[in-house]
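These notes concern the structure reproduced below.
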Amino acid sequence: MTRFVLGRIGFYTLIAVLLAFFTIPLLWLAAAPFTSDPTYEVRVPDFTLDNFTAILEHPYALPSLLNSLVLAVGTALLVVLFAALAAYALSRVRLPGRDALLYALLLLSSIITGTAAMVPLFQLAVELNLIDSQLGLILILSGGLLPAAIFMLKDFMDSTPKSYEESARVFGASPLQIVRHVVVPLVRPGLATIAVWAVANVWGNFLMPYLLLSDVEKQPAAVIMYTLYTEGGQANLTLLSTFGLLYSVPVVLMYLFVSKKYGFRFHGGIKR
Amino acid sequence: MAAIELRGLTKVYPGGVKALDSLDLAIPDGEFFALLGPSGCGKTTLLRTIAGLETATGGAVVIGDRDVTGVQPGARDIAMVFQDYALFPHMDVTDNIAYPLRIKKVGKADRQRKALEVGTRLGLDQLMDRRPGQLSGGQQQRVALARVMATQAKAFLFDEPLSNLDARLRLEARTFLKKLQRELGVTTVFVTHDQAEALAMADRMAVMEAGHIRQIGTPAEVFQRPANTFVAAFIGSTPMNLLDGTVRGDTLEVAGCKVPVPVSAEGLLVDGERIVYGVRPEYNTYSAEPAEGSLGGKVAIVENLGASHLVTLEVGDVLVQAVVPEGDEPELGVDGFATPRRDRALVYRDGELVSA
């Protein structure tokens, strides 16, 4: 009996420690921006807005969030468009060695934007005059995300019954009409998933923009965050915490919006 | 409105499976035609090849006066109802019915008016702004029918149109479908694996087995005079009695009993040859006493069919079934006799019907 009680106590202590481990940074992120002169400890905030004034005065902070938005939305659009077309074709057309191709793509994707390809990618961007260009960065980020996106979307496409498309085909719809009228609406939750996933990926990507964008006016928030130091070379916690909060809010809002709007429902209509 | 003609139609799937083996079939304008067969016999492949969803390996499909063998499905002037109806789940009933018109670039107002018109005719006018997911199976089927009606196609193809409905609704839908087809007068081909459905609805039907058509005819012809033992065994809610026998002069020796040669085979049999004697349980008269030309045995099973009973007799080591009106059903284990109607019994030689 004593052993059981001790076991329970130990178990809950462990849970509490684990919870604290994850909660405390979040609490800090919520509290520090509203605290004057924040430190590493979590304190009850005095609800000052001075930190926000300070971050607004920072010349690159707000524009960098806009840069992040441009990069994320641009990449997401490209990834959704190309992944949808590629996944549809791969799902519906019988190709010899199709699955091998998909797995090869998936493997390659982790290499493209990974550390291993840093130097060749940089050289490629220089050769193509895409260095210091947001478009170039969007293209490279899209290239990195596409294989996994195609892989995920193909699953969605596979699970939608073919008879919808065949039905549209018999009524005379062209392949592009079928994609627009039938396939896209049916896999919309899948497209939303891919878009969210792409945005979140780009939003948090530090290495690629750091490598390819040297103009501070074009750099996204993830890179600017790295420059928030005091004159003394110490991390500027006032700016860091406030910027961190501003940086995370859009992503959280996006998740809430998308899961409310799309969720994972499948409209009925077919008995299988 | 158009006739459909198939000439030597062959479909071989990659891997060498021959789904259709050189089929010839002519369906006149306005006919309600059934393709019937067990699963895997190629009936759905045939329908899909007519629609153009499968490409023929050989032969030709002619709709109206036009050879459409190499033509895209959308350009064949046909409309199809799929087994699962394939109603677009993200569109309401109006948009679903109007979809073929949208493809034909009909204006929005025009196609909505047309959709309402067709929908009203099928009793869907209260449901026009619902999604397919909010409709019952029967309503979904009517939306699918309304959608093909809106196309003004020359021919309709239905793939198992009733199989997704529950049993009671199926009977209702059967009558409804037949009436609708008659009113529209559009050539319609439908696929079914349910022989009762084919018999009830079709003007004519083709019975298929393993990529071949085994018999084409009106439901009455197919039911009364199955051209071979496959069709004989497949058609009928109670399967036909098919009994091995031998010709003995002007009688047949079947299961140890002597029965007269059926009218249809008179003068066509050779003494001593081995045949298969076929008679439907409905055409057997049951009696407790032996009669001239009857098959006698012990009553082994009595099955209730509602207004009648299906009695199974053990005659020697074979089973013979007879349909008995309610009230006349025998006790298990007693002696019973089934007398085949001479004008309805059939003789098969090497699996094919013997007839003049």
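So the sequences go chain by chain: A and X.
Each residue of the first sequence is one higher than the one before, starting from 8 at the first, in this note's numbering.
Each residue of the second sequence is one higher than the one before, starting from 13 at the first, in this note's numbering.
We treat Cβ as the ideally placed atom computed from N, Cα and C, and that holds for glycine.
Using three-state DSSP, classify Ala-165 (chain X) as helix, strand or coil. coil
Once you ignore the five residues that flank Asp-454 (chain X) on each side, which residues in its own chain have a CB closer than 8 Å to its CB? Limits of chain X in this structure are 13 at one end and 368 at the other, which puts residue 454 (chain X) out of reach.
Against chain A, with Cβ distances strictly below 8 Å, would Pro-85 (chain X) count as a contact? yes
Can you list, in chain order, the stretches of the beta strand (DSSP E) that have 3 or more residues and sit fully within the region 284-358 of chain X? 286-291, 296-299, 307-316, 320-327, 330-337 and 347-352
According to DSSP, simplified to helix, strand and coil, what is Tyr-25 (chain X)? coil
For Pro-127 (chain A), does the three-state DSSP call read helix, strand or coil? helix
Tell me the DSSP secondary structure of Leu-147 (chain X) in three-state form. It is coil, neither helix nor strand.
For Met-8 (chain A) and Gly-240 (chain A), what's the separation of their Cα atoms in angstroms? 56 Å
Could you check whether the Cβ of Val-133 (chain A) sits closer than 8 Å to any Cβ belonging to chain X? no
Mind checking if Leu-65 (chain X) is an interface residue toward chain A, Cβ cutoff 8 Å exclusive? yes
Taking Leu-6 (chain A) as part of the alpha helix (DSSP H), name the residues at either end of that continuous run. Here chain A covers residues 8 to 279 and nothing more, so residue 6 (chain A) does not appear.
In or out: Val-259 (chain X) buried (at least 16 other Cβ within 10 Å) or exposed? buried
To which residues of the same chain is Pro-251 (chain X) closer than 7 Å at the C-beta, ignoring the five residues directly before and after it? Ala-245
Only counting the same chain, and skipping five residues up and downstream in sequence, which positions put a Cβ closer than 6 Å to that of Ala-210 (chain X)? The residues are Ala-46, Leu-48, Thr-204 and Met-217.
CA-to-CA distance, Val-24 (chain X) to Lys-161 (chain A), given in whole angstroms: 28 Å
Do you know how far the Cα of Gly-211 (chain A) is from the Cα of Lys-267 (chain A)? 23 Å
Would you say Met-164 (chain A) and Tyr-95 (chain A) are within 8 Å of each other, going by their C-beta atoms? yes
Which of the three DSSP states is assigned to Asp-206 (chain X) in this structure? coil
Test: Phe-163 (chain A) CB closer than 8 Å to a CB of chain X: no
Within the continuous alpha helix (DSSP H) that includes Leu-177 (chain X), where are the two ends? According to the DSSP assignment, Leu-177 (chain X) belongs to no alpha helix (DSSP H), since it is labelled neither H nor E.
How would you label Leu-73 (chain A), buried or exposed, when you count the other beta carbons within 10 angstroms and need 16 or more for buried? exposed
When you compare only the Cα positions, how much space is there between Leu-115 (chain A) and Pro-192 (chain A)? 30 Å
From the DSSP output, in three-state form, read off Phe-126 (chain X) for me. Looking at the sequence itself, residue 126 (chain X) is Lys, so the reference to Phe does not match. Of the three classes helix, strand and coil, the one that applies to Lys-126 (chain X) here is helix, per DSSP.
Excluding the five sequence neighbours on either side, which residues of its own chain have a C-beta within less than 6 Å of the C-beta of Trp-35 (chain A), listed in chain order? Val-49
Looking at the structure shown, is Val-234 (chain X) part of a helix, part of a strand, or coil, going by DSSP? Here Val-234 (chain X) sits in helix by DSSP.
Going by DSSP in three states, Asn-212 (chain A) sits in which element: helix, strand or coil? coil
Hey, would you say Thr-106 (chain X) sits closer than 8 Å to Met-140 (chain X), going by beta carbons? Closer than 8 Å, so yes.
Comparing C-alpha positions only, which one of X:Pro-85, X:Ala-334 and X:Val-155 sits nearest to Ser-306 (chain X)? Residue X:Ala-334 is the option with its Cα nearest to Ser-306 (chain X).
Alpha carbon to alpha carbon, what distance is there between Leu-136 (chain X) and Val-93 (chain X)? Answer to the nearest angstrom: the Cα atoms are 17 Å apart.
By Cβ distance, which residues of its chain are closer than 7 Å to Leu-246 (chain A), with the 5 residues on each side in sequence left out? Ala-61, Ile-62, His-65 and Leu-235
Asp-329 (chain X) burial status per 10 Å Cβ neighbour count (16 or more: buried): Asp-329 (chain X) is exposed by the Cβ-count criterion.
Cβ of Ile-313 (chain X) within 8 Å of any chain A Cβ: no
Can you give me the Cβ contacts of Leu-135 (chain A) inside the same chain, cut-off strictly under 8 Å, excluding the 5 residues immediately before and after it? Only Gly-143 meet the Cβ criterion.
Host beta strand (DSSP E) of Arg-187 (chain A) (start-end): Where Arg-187 (chain A) is concerned, there is no enclosing beta strand (DSSP E), given that its DSSP letter is neither H nor E.
Is the distance from the Cβ of Gly-12 (chain X) to the Cβ of Met-213 (chain X) below 8 Å? The structure shown does not extend to residue 12 (chain X), since chain X is modelled only from 13 to 368, so the question has no answer here.
Thr-167 (chain A) versus Phe-349 (chain X) - alpha carbon distance: 57 Å
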